[in-house]
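Novice:
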Amino acid sequence: MATPDAVTVLKHSLVSPPSSAAATEMSLPLTFLDMRWSHISPIQRLVLYQVPQLSRAHFIEHIIPKLEHSLSLTLQHFLPLAGNLIVPSNSNSGTPEIRYKNGSSLALIIAECTTIDFNYLTANHARNCCDFHPLIPELKPSNEDDSGSTARTTPVLALQVTLFPDCGVSIGISNLHTVGDAGCIFGFMKTWAALCSKFLEDNIDRDDVAATLVSDSPPCYDRTMIKDTKGLSSIFWDQGVVFIKLFQNESSTDTTAKPMTKTDKVRRSFVISRNNIEKLKRLALQKRPQLVHLSSFTVICAHVWTCLVKCRGPSGEHVDDEEVEYFCCTADCRGRMDPPLPSNYFGNCQTVIRKNEKNGKLIGEEGFPIAVESIGEGIHQRLKNNDSLFDDADTWLPGIAGINLDRLVSVAGSPRYNYYNLDFGWGKPKKFEFISIDTSGAISLSGSRETDGDIEVGLALSKPRMDAFAVIFNDRLNSL
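Here this note's numbering is used: the first residue of the sequence shown is 3, the next is one more, and so on.
Right, dumping it as C-alpha coordinates:
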(Lines of atoms letter the chains of each structure in order from A; the text may use other names.)
(Lines give C-alpha, C1' and ligand atoms only; values in the text may rest on other atoms or scores of the structure.)
Protein backbone atom coordinates (compact mmCIF):
# COMPACT_ATOMS: atom_id res chain seq x y z
CA MET A 3 0.00 0.00 0.00
CA ALA A 4 1.34 3.41 -0.98
CA THR A 5 2.39 5.89 1.69
CA PRO A 6 2.09 9.69 1.45
CA ASP A 7 5.79 9.88 0.56
CA ALA A 8 5.37 7.46 -2.36
CA VAL A 9 6.10 10.35 -4.73
CA THR A 10 8.91 12.88 -4.71
CA VAL A 11 7.88 16.41 -5.59
CA LEU A 12 10.32 17.87 -8.11
CA LYS A 13 8.67 21.25 -8.53
CA HIS A 14 5.75 23.34 -7.34
CA SER A 15 4.72 25.39 -10.35
CA LEU A 16 2.17 28.19 -10.44
CA VAL A 17 0.88 28.58 -14.00
CA SER A 18 -0.95 31.74 -15.05
CA PRO A 19 -2.56 32.69 -18.33
CA PRO A 20 -0.19 34.73 -20.51
CA SER A 21 -0.02 38.44 -19.73
CA SER A 22 -1.52 39.09 -23.15
CA ALA A 23 -4.85 37.48 -22.12
CA ALA A 24 -7.69 39.80 -23.13
CA ALA A 25 -9.43 39.74 -19.74
CA THR A 26 -7.60 40.77 -16.59
CA GLU A 27 -10.48 40.01 -14.25
CA MET A 28 -13.54 37.77 -14.25
CA SER A 29 -16.14 37.13 -11.56
CA LEU A 30 -18.75 34.44 -12.05
CA PRO A 31 -21.66 34.38 -9.60
CA LEU A 32 -22.84 30.88 -8.76
CA THR A 33 -26.11 29.89 -10.38
CA PHE A 34 -28.46 27.60 -8.49
CA LEU A 35 -27.07 24.72 -10.57
CA ASP A 36 -23.54 25.59 -9.40
CA MET A 37 -24.65 26.13 -5.81
CA ARG A 38 -25.95 22.57 -5.60
CA TRP A 39 -22.33 21.32 -5.72
CA SER A 40 -20.80 23.92 -3.39
CA HIS A 41 -20.48 21.56 -0.41
CA ILE A 42 -19.31 18.50 -2.33
CA SER A 43 -15.75 17.19 -2.07
CA PRO A 44 -13.48 17.64 -5.11
CA ILE A 45 -13.82 15.54 -8.24
CA GLN A 46 -10.61 13.59 -8.86
CA ARG A 47 -9.46 11.91 -12.05
CA LEU A 48 -6.23 10.24 -13.13
CA VAL A 49 -4.95 9.65 -16.65
CA LEU A 50 -1.93 7.36 -17.10
CA TYR A 51 0.24 7.27 -20.24
CA GLN A 52 2.73 4.57 -21.12
CA VAL A 53 5.95 6.24 -22.29
CA PRO A 54 8.82 3.72 -22.36
CA GLN A 55 12.39 4.97 -22.00
CA LEU A 56 11.29 8.37 -20.70
CA SER A 57 14.20 9.49 -18.55
CA ARG A 58 14.08 11.94 -15.67
CA ALA A 59 16.42 14.33 -17.48
CA HIS A 60 14.34 14.40 -20.68
CA PHE A 61 11.14 14.77 -18.65
CA ILE A 62 12.47 17.81 -16.78
CA GLU A 63 14.31 19.49 -19.64
CA HIS A 64 11.93 18.94 -22.53
CA ILE A 65 8.49 17.70 -21.39
CA ILE A 66 7.76 19.95 -18.42
CA PRO A 67 8.42 23.27 -20.21
CA LYS A 68 6.03 22.24 -23.00
CA LEU A 69 3.37 21.14 -20.51
CA GLU A 70 3.64 24.41 -18.58
CA HIS A 71 3.58 26.66 -21.63
CA SER A 72 0.70 24.85 -23.30
CA LEU A 73 -1.20 24.95 -20.00
CA SER A 74 -0.67 28.70 -19.73
CA LEU A 75 -1.95 29.23 -23.27
CA THR A 76 -4.95 27.01 -22.61
CA LEU A 77 -5.85 28.95 -19.47
CA GLN A 78 -6.28 32.18 -21.42
CA HIS A 79 -9.49 30.63 -22.79
CA PHE A 80 -10.48 29.07 -19.44
CA LEU A 81 -9.71 31.91 -17.03
CA PRO A 82 -12.02 30.71 -14.23
CA LEU A 83 -9.93 27.55 -13.86
CA ALA A 84 -7.00 29.69 -12.75
CA GLY A 85 -9.24 31.37 -10.20
CA ASN A 86 -10.76 30.59 -6.81
CA LEU A 87 -14.12 29.88 -5.25
CA ILE A 88 -14.73 32.75 -2.83
CA VAL A 89 -17.22 32.07 -0.03
CA PRO A 90 -17.74 35.11 2.26
CA SER A 91 -17.69 34.43 5.99
CA ASN A 92 -21.28 35.66 6.30
CA SER A 93 -24.14 36.48 3.95
CA ASN A 94 -23.79 40.22 4.65
CA SER A 95 -20.36 40.15 2.99
CA GLY A 96 -21.70 39.00 -0.37
CA THR A 97 -22.53 35.79 -2.16
CA PRO A 98 -20.22 32.96 -3.27
CA GLU A 99 -18.50 33.49 -6.61
CA ILE A 100 -15.69 32.18 -8.76
CA ARG A 101 -13.12 34.94 -9.15
CA TYR A 102 -10.16 35.33 -11.46
CA LYS A 103 -7.87 38.36 -11.15
CA ASN A 104 -4.77 39.34 -13.06
CA GLY A 105 -1.95 37.26 -11.60
CA SER A 106 -4.15 34.38 -10.45
CA SER A 107 -2.56 31.02 -11.10
CA LEU A 108 -3.20 27.31 -11.16
CA ALA A 109 -1.09 24.96 -9.03
CA LEU A 110 0.80 22.37 -11.07
CA ILE A 111 2.81 19.80 -9.12
CA ILE A 112 5.66 18.04 -10.91
CA ALA A 113 6.54 14.77 -9.20
CA GLU A 114 8.36 11.47 -9.62
CA CYS A 115 7.30 8.02 -8.46
CA THR A 116 9.67 5.06 -8.17
CA THR A 117 7.86 3.11 -5.45
CA ILE A 118 4.66 2.03 -7.23
CA ASP A 119 4.63 -0.33 -10.22
CA PHE A 120 3.21 1.50 -13.25
CA ASN A 121 1.93 -1.73 -14.81
CA TYR A 122 0.09 -2.53 -11.57
CA LEU A 123 -1.66 0.85 -11.64
CA THR A 124 -2.77 0.45 -15.26
CA ALA A 125 -4.18 -3.08 -14.91
CA ASN A 126 -7.90 -3.91 -14.83
CA HIS A 127 -7.70 -6.27 -11.85
CA ALA A 128 -8.38 -5.19 -8.26
CA ARG A 129 -5.85 -2.72 -6.86
CA ASN A 130 -5.69 -0.90 -3.52
CA CYS A 131 -7.41 2.47 -3.75
CA CYS A 132 -4.79 4.07 -1.52
CA ASP A 133 -2.06 3.36 -4.08
CA PHE A 134 -3.53 6.03 -6.36
CA HIS A 135 -3.93 8.80 -3.79
CA PRO A 136 -0.34 10.17 -3.91
CA LEU A 137 -0.84 10.89 -7.63
CA ILE A 138 -3.73 13.32 -7.01
CA PRO A 139 -3.19 16.97 -5.96
CA GLU A 140 -5.10 18.58 -3.12
CA LEU A 141 -7.13 21.77 -3.31
CA LYS A 142 -5.89 23.83 -0.36
CA PRO A 143 -8.10 26.69 0.83
CA SER A 144 -7.25 29.77 2.83
CA ASN A 145 -9.42 31.93 5.05
CA GLU A 146 -8.66 35.21 3.32
CA ASP A 147 -9.50 36.37 -0.18
CA ASP A 148 -7.27 38.43 -2.46
CA SER A 149 -8.70 41.70 -1.13
CA GLY A 150 -7.81 40.88 2.46
CA SER A 151 -11.41 40.19 3.52
CA THR A 152 -12.30 37.16 5.61
CA ALA A 153 -13.59 34.48 3.27
CA ARG A 154 -12.98 30.85 2.43
CA THR A 155 -10.90 30.90 -0.74
CA THR A 156 -10.36 27.61 -2.55
CA PRO A 157 -8.66 26.96 -5.89
CA VAL A 158 -11.14 25.46 -8.32
CA LEU A 159 -8.55 23.27 -10.06
CA ALA A 160 -5.15 21.71 -9.36
CA LEU A 161 -3.00 19.41 -11.48
CA GLN A 162 -0.20 16.95 -10.82
CA VAL A 163 2.09 15.42 -13.44
CA THR A 164 4.03 12.43 -12.15
CA LEU A 165 6.91 10.71 -13.90
CA PHE A 166 7.38 6.95 -13.66
CA PRO A 167 10.95 6.70 -15.01
CA ASP A 168 11.26 4.56 -18.15
CA CYS A 169 7.57 3.60 -17.83
CA GLY A 170 5.19 6.51 -18.20
CA VAL A 171 3.48 9.63 -16.93
CA SER A 172 0.30 10.27 -14.98
CA ILE A 173 -1.81 13.43 -14.88
CA GLY A 174 -3.89 13.89 -11.73
CA ILE A 175 -6.81 16.30 -11.83
CA SER A 176 -8.69 17.75 -8.84
CA ASN A 177 -11.50 20.21 -9.40
CA LEU A 178 -14.44 21.68 -7.57
CA HIS A 179 -17.68 20.62 -9.23
CA THR A 180 -18.91 24.15 -8.52
CA VAL A 181 -16.86 25.57 -11.39
CA GLY A 182 -18.37 23.34 -14.06
CA ASP A 183 -19.69 19.91 -14.91
CA ALA A 184 -17.89 17.01 -16.58
CA GLY A 185 -18.13 18.46 -20.09
CA CYS A 186 -16.45 21.71 -19.00
CA ILE A 187 -13.44 20.02 -17.43
CA PHE A 188 -13.12 17.63 -20.35
CA GLY A 189 -13.20 20.56 -22.80
CA PHE A 190 -10.33 22.18 -20.93
CA MET A 191 -8.31 18.96 -20.83
CA LYS A 192 -8.99 18.30 -24.51
CA THR A 193 -7.66 21.75 -25.44
CA TRP A 194 -4.58 21.42 -23.23
CA ALA A 195 -3.80 17.95 -24.59
CA ALA A 196 -4.17 19.04 -28.22
CA LEU A 197 -1.94 22.07 -27.72
CA CYS A 198 0.73 20.15 -25.83
CA SER A 199 0.71 17.42 -28.47
CA LYS A 200 1.19 20.07 -31.15
CA PHE A 201 4.16 21.52 -29.30
CA LEU A 202 5.79 18.14 -28.68
CA GLU A 203 5.21 16.54 -32.07
CA ASP A 204 5.89 19.53 -34.32
CA ASN A 205 8.43 21.11 -31.99
CA ILE A 206 6.64 24.45 -32.18
CA ASP A 207 5.90 26.81 -29.35
CA ARG A 208 3.74 29.62 -30.73
CA ASP A 209 1.08 31.40 -28.71
CA ASP A 210 -1.26 31.79 -31.69
CA VAL A 211 -1.74 28.01 -31.98
CA ALA A 212 -3.95 27.98 -28.86
CA ALA A 213 -6.50 30.33 -30.38
CA THR A 214 -7.06 28.06 -33.38
CA LEU A 215 -7.96 25.12 -31.12
CA VAL A 216 -10.90 26.88 -29.46
CA SER A 217 -11.94 29.41 -32.10
CA ASP A 218 -14.91 27.34 -33.28
CA SER A 219 -16.45 26.93 -29.84
CA PRO A 220 -14.94 29.16 -27.14
CA PRO A 221 -16.40 28.69 -23.65
CA CYS A 222 -19.51 30.76 -22.89
CA TYR A 223 -19.48 32.21 -19.36
CA ASP A 224 -22.78 34.13 -19.42
CA ARG A 225 -24.40 33.20 -16.10
CA THR A 226 -27.46 35.38 -16.79
CA MET A 227 -28.70 32.66 -19.14
CA ILE A 228 -29.76 30.53 -16.15
CA LYS A 229 -32.86 31.85 -14.38
CA ASP A 230 -33.54 30.94 -10.75
CA THR A 231 -37.31 31.37 -10.71
CA LYS A 232 -37.79 29.21 -7.60
CA GLY A 233 -35.09 30.68 -5.36
CA LEU A 234 -33.17 27.41 -5.41
CA SER A 235 -29.77 29.01 -4.98
CA SER A 236 -30.28 29.91 -1.32
CA ILE A 237 -32.20 26.66 -0.72
CA PHE A 238 -29.31 24.56 -2.04
CA TRP A 239 -26.77 26.49 0.03
CA ASP A 240 -28.72 26.14 3.28
CA GLN A 241 -29.46 22.47 2.63
CA GLY A 242 -25.81 21.80 1.83
CA VAL A 243 -24.64 23.16 5.17
CA VAL A 244 -27.08 20.89 6.99
CA PHE A 245 -26.13 17.94 4.77
CA ILE A 246 -22.42 18.26 5.59
CA LYS A 247 -23.03 18.61 9.32
CA LEU A 248 -25.30 15.58 9.26
CA PHE A 249 -22.94 13.21 7.47
CA GLN A 250 -19.58 14.49 8.68
CA ASN A 251 -20.63 15.61 12.16
CA GLU A 252 -18.67 18.83 11.81
CA SER A 253 -19.38 22.46 12.52
CA SER A 254 -17.45 23.60 9.43
CA THR A 255 -19.04 23.80 6.00
CA ASP A 256 -15.67 23.31 4.26
CA THR A 257 -15.40 20.00 2.44
CA THR A 258 -13.11 21.13 -0.34
CA ALA A 259 -9.72 20.63 1.25
CA LYS A 260 -9.83 17.41 3.15
CA PRO A 261 -7.11 14.98 2.04
CA MET A 262 -8.14 11.53 0.95
CA THR A 263 -8.40 9.20 3.91
CA LYS A 264 -7.08 5.68 4.19
CA THR A 265 -9.47 3.06 2.91
CA ASP A 266 -9.56 -0.71 2.67
CA LYS A 267 -11.36 -0.51 -0.66
CA VAL A 268 -9.99 -1.83 -3.93
CA ARG A 269 -10.75 -0.46 -7.38
CA ARG A 270 -11.34 -2.44 -10.52
CA SER A 271 -12.46 -1.81 -14.10
CA PHE A 272 -14.94 -3.90 -16.08
CA VAL A 273 -15.47 -3.56 -19.83
CA ILE A 274 -18.89 -4.14 -21.40
CA SER A 275 -18.52 -4.71 -25.13
CA ARG A 276 -20.80 -3.09 -27.69
CA ASN A 277 -22.02 -6.57 -28.58
CA ASN A 278 -23.04 -7.31 -25.01
CA ILE A 279 -24.71 -3.90 -24.70
CA GLU A 280 -26.91 -4.76 -27.68
CA LYS A 281 -27.70 -8.16 -26.13
CA LEU A 282 -28.73 -6.44 -22.89
CA LYS A 283 -31.02 -4.14 -24.86
CA ARG A 284 -32.66 -7.09 -26.62
CA LEU A 285 -33.13 -8.88 -23.29
CA ALA A 286 -34.74 -5.78 -21.79
CA LEU A 287 -37.15 -5.42 -24.73
CA GLN A 288 -37.99 -9.10 -24.60
CA LYS A 289 -38.96 -8.76 -20.94
CA ARG A 290 -40.47 -5.27 -21.17
CA PRO A 291 -41.73 -4.57 -24.74
CA GLN A 292 -43.44 -1.30 -23.70
CA LEU A 293 -40.37 0.47 -22.31
CA VAL A 294 -40.72 4.26 -22.56
CA HIS A 295 -36.95 4.80 -22.66
CA LEU A 296 -34.16 2.41 -23.61
CA SER A 297 -30.51 3.25 -24.18
CA SER A 298 -27.02 1.89 -23.68
CA PHE A 299 -26.85 3.95 -20.49
CA THR A 300 -30.00 2.43 -18.99
CA VAL A 301 -29.04 -1.20 -19.63
CA ILE A 302 -25.46 -0.71 -18.40
CA CYS A 303 -26.62 1.02 -15.21
CA ALA A 304 -29.36 -1.57 -14.66
CA HIS A 305 -26.86 -4.42 -15.07
CA VAL A 306 -24.37 -2.86 -12.64
CA TRP A 307 -27.08 -1.85 -10.14
CA THR A 308 -28.58 -5.32 -9.93
CA CYS A 309 -25.15 -6.97 -9.71
CA LEU A 310 -24.18 -4.66 -6.84
CA VAL A 311 -27.38 -5.52 -5.01
CA LYS A 312 -26.99 -9.26 -5.62
CA CYS A 313 -23.36 -9.43 -4.49
CA ARG A 314 -24.13 -8.35 -0.92
CA GLY A 315 -25.26 -11.82 0.16
CA PRO A 316 -22.26 -13.72 -1.28
CA SER A 317 -19.91 -11.16 0.32
CA GLY A 318 -21.35 -11.87 3.77
CA GLU A 319 -23.89 -9.07 4.14
CA HIS A 320 -27.51 -9.74 5.04
CA VAL A 321 -30.12 -7.44 3.51
CA ASP A 322 -33.85 -7.82 4.00
CA ASP A 323 -35.98 -8.18 0.87
CA GLU A 324 -38.06 -5.19 1.95
CA GLU A 325 -35.08 -2.86 2.26
CA VAL A 326 -35.04 -0.09 -0.34
CA GLU A 327 -32.24 0.23 -2.91
CA TYR A 328 -31.60 3.61 -4.56
CA PHE A 329 -30.23 4.73 -7.92
CA CYS A 330 -29.20 8.27 -8.84
CA CYS A 331 -27.71 9.88 -11.93
CA THR A 332 -27.54 13.29 -13.59
CA ALA A 333 -28.42 14.41 -17.11
CA ASP A 334 -27.11 17.37 -19.08
CA CYS A 335 -29.98 19.71 -19.89
CA ARG A 336 -28.38 22.61 -21.77
CA GLY A 337 -30.52 21.98 -24.84
CA ARG A 338 -33.69 21.60 -22.76
CA MET A 339 -33.53 24.91 -20.90
CA ASP A 340 -35.90 27.73 -21.82
CA PRO A 341 -34.33 29.30 -23.78
CA PRO A 342 -31.78 26.57 -24.61
CA LEU A 343 -28.20 27.10 -23.53
CA PRO A 344 -25.38 26.75 -26.07
CA SER A 345 -23.46 23.48 -25.90
CA ASN A 346 -20.32 25.44 -24.97
CA TYR A 347 -21.88 27.00 -21.86
CA PHE A 348 -19.22 26.74 -19.13
CA GLY A 349 -20.75 25.92 -15.76
CA ASN A 350 -23.14 23.37 -14.34
CA CYS A 351 -26.34 22.51 -16.15
CA GLN A 352 -27.55 19.13 -14.95
CA THR A 353 -30.74 17.74 -13.56
CA VAL A 354 -31.09 14.73 -11.26
CA ILE A 355 -32.82 11.39 -11.80
CA ARG A 356 -33.58 9.32 -8.70
CA LYS A 357 -35.29 5.95 -8.51
CA ASN A 358 -35.71 3.24 -5.91
CA GLU A 359 -36.80 -0.39 -5.79
CA LYS A 360 -37.06 -2.97 -3.03
CA ASN A 361 -34.11 -5.29 -2.63
CA GLY A 362 -36.21 -8.41 -3.16
CA LYS A 363 -37.29 -7.25 -6.61
CA LEU A 364 -33.77 -6.49 -7.79
CA ILE A 365 -32.23 -9.77 -6.65
CA GLY A 366 -34.97 -11.85 -8.29
CA GLU A 367 -35.00 -13.28 -11.81
CA GLU A 368 -36.77 -10.16 -13.10
CA GLY A 369 -34.31 -7.82 -11.38
CA PHE A 370 -32.59 -6.63 -14.54
CA PRO A 371 -35.72 -5.70 -16.56
CA ILE A 372 -37.22 -4.10 -13.45
CA ALA A 373 -34.10 -1.94 -13.08
CA VAL A 374 -34.07 -1.03 -16.80
CA GLU A 375 -37.72 0.00 -16.62
CA SER A 376 -37.23 1.98 -13.41
CA ILE A 377 -34.21 3.95 -14.64
CA GLY A 378 -35.80 4.54 -18.05
CA GLU A 379 -39.01 5.85 -16.52
CA GLY A 380 -37.01 8.18 -14.29
CA ILE A 381 -35.14 9.63 -17.25
CA HIS A 382 -38.32 9.92 -19.33
CA GLN A 383 -40.28 11.69 -16.60
CA ARG A 384 -37.46 14.10 -15.80
CA LEU A 385 -36.70 15.11 -19.39
CA LYS A 386 -40.20 15.08 -20.87
CA ASN A 387 -40.55 18.89 -20.76
CA ASN A 388 -38.99 22.08 -19.37
CA ASP A 389 -41.25 22.17 -16.32
CA SER A 390 -40.14 18.73 -15.17
CA LEU A 391 -36.39 19.46 -15.15
CA PHE A 392 -36.29 20.98 -11.66
CA ASP A 393 -39.85 20.59 -10.38
CA ASP A 394 -38.75 18.85 -7.17
CA ALA A 395 -35.20 20.21 -6.94
CA ASP A 396 -35.74 21.43 -3.37
CA THR A 397 -36.00 17.77 -2.32
CA TRP A 398 -32.77 16.55 -3.94
CA LEU A 399 -30.44 16.98 -0.96
CA PRO A 400 -33.01 16.20 1.78
CA GLY A 401 -33.88 13.07 -0.19
CA ILE A 402 -30.29 11.84 0.08
CA ALA A 403 -30.07 12.76 3.75
CA GLY A 404 -32.96 10.45 4.54
CA ILE A 405 -31.55 7.25 3.03
CA ASN A 406 -28.93 4.63 3.82
CA LEU A 407 -26.00 5.63 1.59
CA ASP A 408 -24.80 2.02 1.55
CA ARG A 409 -27.94 1.32 -0.51
CA LEU A 410 -27.29 4.11 -3.01
CA VAL A 411 -25.73 3.59 -6.45
CA SER A 412 -24.86 6.84 -8.23
CA VAL A 413 -23.05 7.46 -11.50
CA ALA A 414 -19.91 9.53 -12.12
CA GLY A 415 -18.53 10.40 -15.53
CA SER A 416 -19.90 9.73 -18.99
CA PRO A 417 -18.70 7.92 -22.12
CA ARG A 418 -19.40 11.19 -23.95
CA TYR A 419 -16.23 12.58 -22.37
CA ASN A 420 -13.73 9.91 -23.28
CA TYR A 421 -10.40 10.56 -21.58
CA TYR A 422 -8.89 7.76 -23.64
CA ASN A 423 -8.99 10.21 -26.56
CA LEU A 424 -6.71 12.73 -24.82
CA ASP A 425 -3.32 12.64 -26.54
CA PHE A 426 -0.65 14.89 -25.03
CA GLY A 427 1.87 13.64 -27.58
CA TRP A 428 2.30 10.17 -26.07
CA GLY A 429 -0.61 8.46 -27.81
CA LYS A 430 -3.76 7.16 -26.12
CA PRO A 431 -3.75 6.83 -22.33
CA LYS A 432 -2.98 3.39 -20.96
CA LYS A 433 -5.58 3.83 -18.19
CA PHE A 434 -8.16 6.27 -16.93
CA GLU A 435 -9.38 6.21 -13.34
CA PHE A 436 -12.13 8.19 -11.61
CA ILE A 437 -10.39 8.45 -8.24
CA SER A 438 -13.11 10.23 -6.25
CA ILE A 439 -15.44 7.23 -6.42
CA ASP A 440 -13.34 5.92 -3.52
CA THR A 441 -15.19 8.29 -1.22
CA SER A 442 -18.40 9.07 -3.13
CA GLY A 443 -19.36 5.40 -3.55
CA ALA A 444 -20.40 6.05 -7.16
CA ILE A 445 -19.71 3.86 -10.15
CA SER A 446 -17.84 5.51 -13.02
CA LEU A 447 -18.58 5.20 -16.73
CA SER A 448 -16.15 6.03 -19.51
CA GLY A 449 -15.37 5.06 -23.05
CA SER A 450 -13.03 2.16 -23.69
CA ARG A 451 -9.41 2.44 -24.74
CA GLU A 452 -9.54 -0.43 -27.19
CA THR A 453 -12.84 -0.35 -29.09
CA ASP A 454 -15.34 2.40 -29.90
CA GLY A 455 -18.72 1.54 -28.45
CA ASP A 456 -17.36 -0.51 -25.55
CA ILE A 457 -17.93 0.98 -22.08
CA GLU A 458 -15.59 0.81 -19.11
CA VAL A 459 -17.19 0.62 -15.66
CA GLY A 460 -15.12 1.56 -12.62
CA LEU A 461 -15.92 0.55 -9.03
CA ALA A 462 -14.35 0.93 -5.60
CA LEU A 463 -15.54 -1.69 -3.10
CA SER A 464 -14.31 -3.81 -0.24
CA LYS A 465 -12.29 -6.78 -1.49
CA PRO A 466 -14.92 -9.43 -0.55
CA ARG A 467 -17.69 -7.47 -2.24
CA MET A 468 -15.58 -6.77 -5.33
CA ASP A 469 -14.83 -10.48 -5.72
CA ALA A 470 -18.51 -11.38 -5.42
CA PHE A 471 -19.51 -8.60 -7.82
CA ALA A 472 -17.01 -9.77 -10.46
CA VAL A 473 -18.46 -13.30 -10.49
CA ILE A 474 -22.07 -12.12 -10.81
CA PHE A 475 -21.23 -9.40 -13.36
CA ASN A 476 -19.30 -11.73 -15.67
CA ASP A 477 -21.70 -14.67 -15.29
CA ARG A 478 -24.62 -12.50 -16.42
CA LEU A 479 -22.76 -11.26 -19.49
CA ASN A 480 -21.50 -14.74 -20.38
CA SER A 481 -25.05 -16.07 -20.26
CA LEU A 482 -26.43 -13.59 -22.79
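Using N, Cα and C, we set each Cβ at its ideal position, and we do this for glycine too.
#1: From the DSSP output, which residues share a beta bridge with Ile42?
#2: Can you give me the C-alpha to C-alpha distance between Ser107 and Gly85, rounded to a whole angstrom?
#3: Assuming the contact rule is C-beta atoms closer than 8 angstroms, Lys281 and Leu482 should be a hit. Round their C-beta distance to whole Å, please.
#4: According to DSSP, is Gly174 part of a helix, a strand, or is it coil?
#5: Can you grab the Cα-Cα spacing for the pair Ala8 / Gln52, in whole Å?
#6: Could you please give the first and the last residue of the uninterrupted beta strand (DSSP E) stretch that includes Tyr422?
#7: Is Ser412 closer than 9 angstroms to Cys330 when the C-beta atoms are compared?
#8: Based on Cα-Cα distance, which residue from Phe80, Thr155 and Cys169 lies nearest to Thr117?
#9: Using 10 angstroms around the beta-carbon of Gly449, count the other beta-carbons present and answer buried if the total reaches 16, otherwise exposed.
#10: Could you tell me which residues DSSP pairs with Ile237 in its beta bridges?
#11: Which residue spans inside the region 91 to 128 form an unbroken alpha helix (DSSP H) run of at least 4?
#12: Within the same chain, show all residues whose beta-carbon is closer than 7 angstroms to that of Ala259, passing over the 5 residues directly before and after it, in chain order.
#13: Expressed to the nearest angstrom, what Euclidean distance is found between the alpha-carbon atoms of Val268 and His127?
#14: Where do the ends of the beta strand (DSSP E) carrying Val268 lie?
#15: State the Cα-Cα distance for the pair Asp256 and Leu234, rounded to the nearest angstrom.
#16: By the 10 Å Cβ neighbour count, where 16 or more other Cβ atoms means buried, how is Ser254 classified, buried or exposed?
#17: Below 7 angstroms CB to CB, which residues in the same chain sit around Tyr419 once its five sequence neighbours on both sides are set aside?
#18: Using a threshold of 9 angstroms, state whether the C-beta atoms of Lys161 and Leu81 are closer than that.
#19: What does a CB cutoff of less than 6 angstroms around Ile279 pick up in its chain, not counting 5 residues either side in sequence?
#20: What does a CB cutoff of less than 7 angstroms around Leu69 pick up in its chain, not counting 5 residues either side in sequence?
#21: Tell me whether the beta-carbon of Leu87 lies closer than 9 angstroms to the beta-carbon of Arg38.
#22: With Ala333 as the anchor, note down where its beta strand (DSSP E) starts and where it stops.
#23: Let me make sure I understand the geometry here. Which of Phe436, Gly401 and Lys432 has the alpha-carbon closest to that of Ser416?
#24: Of the choices Asp454, Asn277 and Lys283, whose alpha-carbon is the least far from that of Cys303?
#25: CB Ile112 to CB Lys13, shorter than 9 angstroms?
#26: Does the beta-carbon distance from Lys103 to Thr193 come in below 9 angstroms?
#27: When DSSP builds the beta bridges, which residues end up paired with Thr164?
#28: Reducing DSSP to helix, strand and coil, say where Ser438 ends up.
#29: Ends of the beta strand (DSSP E) at Asn358?
#30: Output yes or no for whether 9 angstroms exceeds the beta carbon distance between Leu32 and Ile138.
#31: Given a cut-off of 9 angstroms on the beta-carbon distance, is the pair Pro371 and Lys312 in contact?
Specialist: The answer reads as follows:
#1: In the DSSP output, where bridge partners are listed per residue, Ile42 has none listed.
#2: 7 angstroms
#3: 4 angstroms
#4: strand
#5: 19 angstroms
#6: Tyr422 -> no beta strand (DSSP E), and no H or E assigned at all.
#7: yes
#8: Cys169
#9: The residue in question, Gly449, is buried, as its Cβ has 16 or more Cβ neighbours within 10 Å.
#10: Bridge partners of Ile237: none, in fact.
#11: 120 to 123
#12: Reliability fails at Ala259, whose pLDDT of 43 lies under 50, so the model's placement of it is uncertain and the value that follows must be treated cautiously. Excluding residues within five positions, the ones whose Cβ falls inside 7 angstroms are Glu140, Leu141, Lys142, Pro143 and Thr156.
#13: 9 angstroms
#14: Taken as a continuous stretch (DSSP letters only), the beta strand (DSSP E) holding Val268 covers Lys267 to Ile274.
#15: Note on Asp256: pLDDT 49, under 50, position unreliable in the model; no value is reported.
#16: A caution first: Ser254 carries a pLDDT of 42, below 50, which makes its placement in the model unreliable, though a value can still be read off. When all chains shown are included, Ser254 counts as exposed.
#17: Same-chain partners within the cutoff: Ala184, Gly185 and Phe188.
#18: First, the amino acid is wrong: residue 161 is Leu here, not Lys. Cβ atoms of Leu161 and Leu81: not closer than 9 angstroms.
#19: Ser298
#20: Val163 and Cys198
#21: no
#22: That run of the beta strand (DSSP E) goes Val326 to Asp334.
#23: Phe436
#24: Nearest of Asp454, Asn277 and Lys283 to Cys303, Cα basis: Lys283.
#25: yes
#26: no
#27: Ala113 and Ser172
#28: coil
#29: Element bounds for Asn358: Gln352 to Lys360.
#30: In this structure, Ile138 does not lie closer than 9 angstroms to Leu32 by Cβ.
#31: no
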